[in-house]
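Okay, so here's the structure we're looking at.
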Amino acid sequence: MAYNIYEWKINPKSSFMTKLQSDTIWGHIIWAIRYLEGEEYLENILEQFEDNNSPFIVSNGFISGYLPFIKKGIVSTRGIKSILSKKNNLTKQNIKLYTRLVDEFNKIEFIDTETFNTLRKDELMSLYSDVANSKRCPITLRKFEFEHKQALHLYFKSPEEYKREDNVTTYNDLVKTQSLTKNKINRLTNSSEQDDGSGVFTVYETFYKSSISIYIKLRDDVDVEKFNTYLKYIQQNGFGKKASSGKGYFETVSFEKREDLFDSQYEGNGYVVLSNYIPKQGDYSDVVGVSLLTKRGKVSGIYSQNENIFKKPFVCFTPGSVFKGNPNLNKGKMLKGLYYDEKIVQYGIPFILGVDINDK
1 MAYNIYEWKI NPKSSFMTKL QSDTIWGHII WAIRYLEGEE YLENILEQFE
51 DNNSPFIVSN GFISGYLPFI KKGIVSTRGI KSILSKKNNL TKQNIKLYTR
101 LVDEFNKIEF IDTETFNTLR KDELMSLYSD VANSKRCPIT LRKFEFEHKQ
151 ALHLYFKSPE EYKREDNVTT YNDLVKTQSL TKNKINRLTN SSEQDDGSGV
201 FTVYETFYKS SISIYIKLRD DVDVEKFNTY LKYIQQNGFG KKASSGKGYF
251 ETVSFEKRED LFDSQYEGNG YVVLSNYIPK QGDYSDVVGV SLLTKRGKVS
301 GIYSQNENIF KKPFVCFTPG SVFKGNPNLN KGKMLKGLYY DEKIVQYGIP
351 FILGVDINDK
């Protein structure tokens with residue numbers, strides 16, 4: 001199966017009440033197909049997903065220009081000492097200072113595209129060496145255009161001051177999520193009552209200060225123009241919770257082929273996922289570095305009027321998780337049995353890219 005990579009770039013025009021996760025994005029596309037093409041056409045599409053012949057594979061939504069930190073490799077004390085020795089700075093104080101950089105690495109969730117592609121091929125220690133030699137930002141790992149000899153001096157003095165003076169922008173500066181506490185009122189008693197399941201509850205609202213990119217692999221026999229009509233349908237109707245009230249409103253900036261973003265010909269001996277991922281047996285030979293999410297999804301579309309809209313909870317791997325295995329084969333599966341209607345399936349097929357795993 002051959003796939004082409006596309007970038008769907010959107011510009012949020014309102015806050016979002018639903019996270020831009022791959023399974024939810026996939027669900028919106030599926031409902032667009034259902035309403036535009038009909039039930040029979042949709043059933044054929046779903047059969048292809050279940051037969052491991054996915055017509056399209058979607059990633060999570062990321063701030064444009066950023067991708068998840070690849071969870072592979074470690075920065076060892078021996079490596080730190082080796083770098084300091086080459087700099088003729090091997091002292092206890094410097095070992096302590098340079099070890100702080102490792103703590104900063106552990107805070108990083110997203111990196112720019114250049115750093116992401118570099119880390120696909122190199123070990124984390126290589127990026128650490130660049131930071132230690134003033135070639136990359138110690139907070140974001142972004143590569144400096146020119147060597148910045150004062151970067152570490154400013155950072156060790158005060159990370160906050162360094163970020164301010166160098167005008168460092170992080171992923172978290174571009175997206176903010178706030179919680180809102182609300183009351184659910186029983187209209188018969190005109191009060192909030194816990195006993196009948198109503199009462200105080202919390203919702204989360206996300207505000208984006210930048211465009212968002214969703215990466216899509218389209219099988220080479222898929223009609224691109226027809227697929228684009230599904231994305232336009234989502235734009236017209238909004239995304240996720242409270243879309244009818246103006247939440248999840250966005251405009252499409254572009255939908256175009258982007259083979260230049262990734263070295264798609266690079267294989268490696270492992271893969272990193274850019275989506276929520278439910279593995280099938282035989283997908284990988286080893287787990288390198290992962291994070292997990294327990295999720296309880298909801299049904300939507302015509303099923304949203306059902307008395308029970310919740311699926312059973314499930315566990316999936318999240319973007320940035322790395323596995324050893326063949327990156328040329330489709331991974332993941334469609335999970336069944338999470339809802340009483342057998343037609344309902346859970347999307348767990350990830351957008352993957354090859355990475356090199358050091359066997360040493």
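Mapping to full-length UniProt numbering: the sequence shown position 124 is 124, numbers consecutive.
Heads up, the beta-carbon is just placed ideally off N, CA and C, and yes, glycines get one too.
Among the residues of its own chain, which have a CB less than 7 Å from the CB of residue 412, if the five just before and after it don't count? In the structure as shown, the chain begins at 1 and stops at 360. Residue 412 is therefore absent and cannot be evaluated.
Go through its chain and collect everything with a Cβ distance to F144's Cβ below 8 Å, but skip five positions before and after it. Position 144 of the sequence shown, counted from the start, is the residue given in the question as residue 144. Excluding positions up to five away in sequence, the list reads S134, K135, R136, C137 and A151.
Segments assigned beta strand (DSSP E), at least 3 residues, entirely inside the segment 36-78: 56-63 and 66-68
Leaving out five residues on either side along the sequence, give the residues of the same chain with a beta carbon under 6 Å from the beta carbon of K72. Within the sequence shown, the letter at position 72 stands for residue 72. Contacts found: V288, G289 and V322.
Give me the Cα-Cα distance between W31 and G301, rounded to the nearest whole angstrom. The count along the sequence shown starts at 1 and reaches residue 31 at position 31. The count along the sequence shown starts at 1 and reaches residue 301 at position 301. Each residue's alpha carbon lies about 7 Å from the other.
For Q346 and T294, the rounded distance between their alpha carbons: Translated into positions along the sequence shown, residue 294 becomes position 294. Translated into positions along the sequence shown, residue 346 becomes position 346. Taking the straight line joining both Cα atoms gives about 13 Å.
Mind the definition here: the segment 251-265 touches the segment 321-337 only if three or more C-beta pairs lie below 8 Å; say whether that holds. Between the segment 251-265 and the segment 321-337, the count of C-beta pairs closer than 8 Å stays below three; the two stretches do not touch.
Rounded Cβ spacing between P55 and I70 (contact assumed at less than 8 Å): Taking the sequence shown and counting its residues from 1, the one referred to as residue 55 is at position 55. Taking the sequence shown and counting its residues from 1, the one referred to as residue 70 is at position 70. With 8 Å as the limit, P55 and I70 do not qualify as a contact, their Cβ atoms being about 27 Å apart.
Is it true that the CB of K182 sits closer than 8 Å to the CB of N269? By one-based count along the sequence shown, residue 269 stands at place 269. By one-based count along the sequence shown, residue 182 stands at place 182. For N269 and K182, no; Cβs fall outside 8 Å.
Going by C-alpha to C-alpha distance, which of S210, Y155 and L180 sits closest to N172? Numbered from its first residue, the sequence shown carries residue 172 at position 172. The shortest C-alpha separation from N172 is found at S210.
Rounded to the nearest angstrom, what separates Y3 and D221 at their Cα positions? Start at 1 with the first residue of the sequence shown, and residue 3 comes out as number 3. Start at 1 with the first residue of the sequence shown, and residue 221 comes out as number 221. C-alpha separation (whole angstroms): 9 Å.
Residues near K176 by beta carbon distance below 6 Å, same chain, minus five either side: Working through the sequence shown from its first residue, we reach residue 176 at position 176. For K176, where only same-chain residues beyond five positions count, the Cβ hits under 6 Å are F207.
So for I352, helix, strand or coil by DSSP? For the purposes of this step, residue 352 is taken as residue 352 along the sequence shown, with counting starting at 1. DSSP places I352 in strand when its eight states are reduced to three.
From this set, I344, V75 and G246, which residue's C-alpha is nearest E43's C-alpha? By 1-based counting over the sequence shown, the position of residue 43 is 43. When C-alpha distances from E43 are compared across I344, V75 and G246, the shortest belongs to I344.
Within this structure, are the beta carbons of P159 and L274 separated by less than 8 Å? On the sequence shown, residue 159 is found 159 positions in, with the first residue counted as 1. On the sequence shown, residue 274 is found 274 positions in, with the first residue counted as 1. No, these two residues do not count as a Cβ contact at 8 Å.
In terms of residues, what are the limits of the alpha helix (DSSP H) holding K257? Start at 1 with the first residue of the sequence shown, and residue 257 comes out as number 257. From DSSP, K257 is part of no alpha helix (DSSP H) but of the beta strand (DSSP E) over F250 to K257.
In the DSSP assignment, what are the bridge partners of S213? As a working note, residue 213 is residue 213 in the sequence shown. K9 and F62, per the DSSP bridge assignment.
As an exercise, report each continuous alpha helix (DSSP H) stretch of at least 4 residues that is fully enclosed by the segment 88-133, in chain order. 92-107, 113-121 and 124-132
Taking 8 Å as the threshold (C-beta atoms), are L90 and K96 in contact? As a position in the sequence shown, residue 96 is number 96, starting the count at 1. As a position in the sequence shown, residue 90 is number 90, starting the count at 1. Contact: no.
Following the continuous alpha helix (DSSP H) through N228, name the residue where it begins and the one where it ends. Here residue 228 refers to the residue found at position 228 when the sequence shown is read from its first residue. For N228, the enclosing alpha helix (DSSP H) covers residues V224 to N237.
What residues in its chain sit with their C-beta under 8 Å from that of G38, if we drop five residues either side in the sequence? The sequence position of residue 38 within the sequence shown is 38, counting from 1. Excluding residues within five positions, none has a Cβ falling inside 8 Å.
Run through the DSSP bridge pairs and tell me what Y162 is partnered with. On the sequence shown, position 162 is the one that residue 162 refers to. Bridge partners of Y162: none, in fact.
Suppose contacts are defined by Cβ-Cβ distances below 8 Å. Is S14 in contact with Y249 by that definition? Within the sequence shown, residue 14 is the residue found at index 14, counting from 1. Within the sequence shown, residue 249 is the residue found at index 249, counting from 1. For S14 and Y249, yes; Cβs fall inside 8 Å.
Pair within 8 Å by beta-carbon distance, F62 and I309: Here residue 62 refers to the residue found at position 62 of the sequence shown. Here residue 309 refers to the residue found at position 309 of the sequence shown. Annotated as distal: F62 and I309, with beta-carbon spacing of 8 Å or more.
F49 to K107, Cα distance in whole Å? Your numbering for residue 49 matches position 49 in the sequence shown. Your numbering for residue 107 matches position 107 in the sequence shown. Using only the alpha carbons, I get a separation of about 36 Å.
What's the C-alpha gap between Q281 and N88? To locate residue 281, count along the sequence shown from 1; it is residue 281. To locate residue 88, count along the sequence shown from 1; it is residue 88. One alpha carbon belongs to Q281, the other to N88, and they sit about 50 Å apart.
Top-ranked residue by Cα proximity to N276, from K298, V253, S22 and G238: Sequence index remark: in the sequence shown, residue 276 carries index 276 (1-based). For N276, the closest alpha carbon among the candidates K298, V253, S22 and G238 is that of S22.
Cα-Cα separation between Y339 and P313, rounded to whole angstroms: If you number the sequence shown from 1, residue 339 lands on position 339. If you number the sequence shown from 1, residue 313 lands on position 313. Y339 and P313: Cα-Cα distance of roughly 10 Å.
K19 versus I33 - alpha carbon distance: As a first step, residue 19 is located in the sequence shown; it is residue number 19 there, counting from the start. As a first step, residue 33 is located in the sequence shown; it is residue number 33 there, counting from the start. Using only the alpha carbons, I get a separation of about 21 Å.
Among the candidates G332, T252 and T170, whose CA atom is the shortest distance from the CA of Y66? Walking along the sequence shown from the start, residue 66 turns up at place 66. The residue from G332, T252 and T170 with its alpha-carbon nearest to that of Y66 is T170.
Would you report the Cα separation of D51 and F156, rounded to the nearest angstrom? As a first step, residue 51 is located in the sequence shown; it is residue number 51 there, counting from the start. As a first step, residue 156 is located in the sequence shown; it is residue number 156 there, counting from the start. Whole-angstrom Cα-Cα distance: 54 Å.
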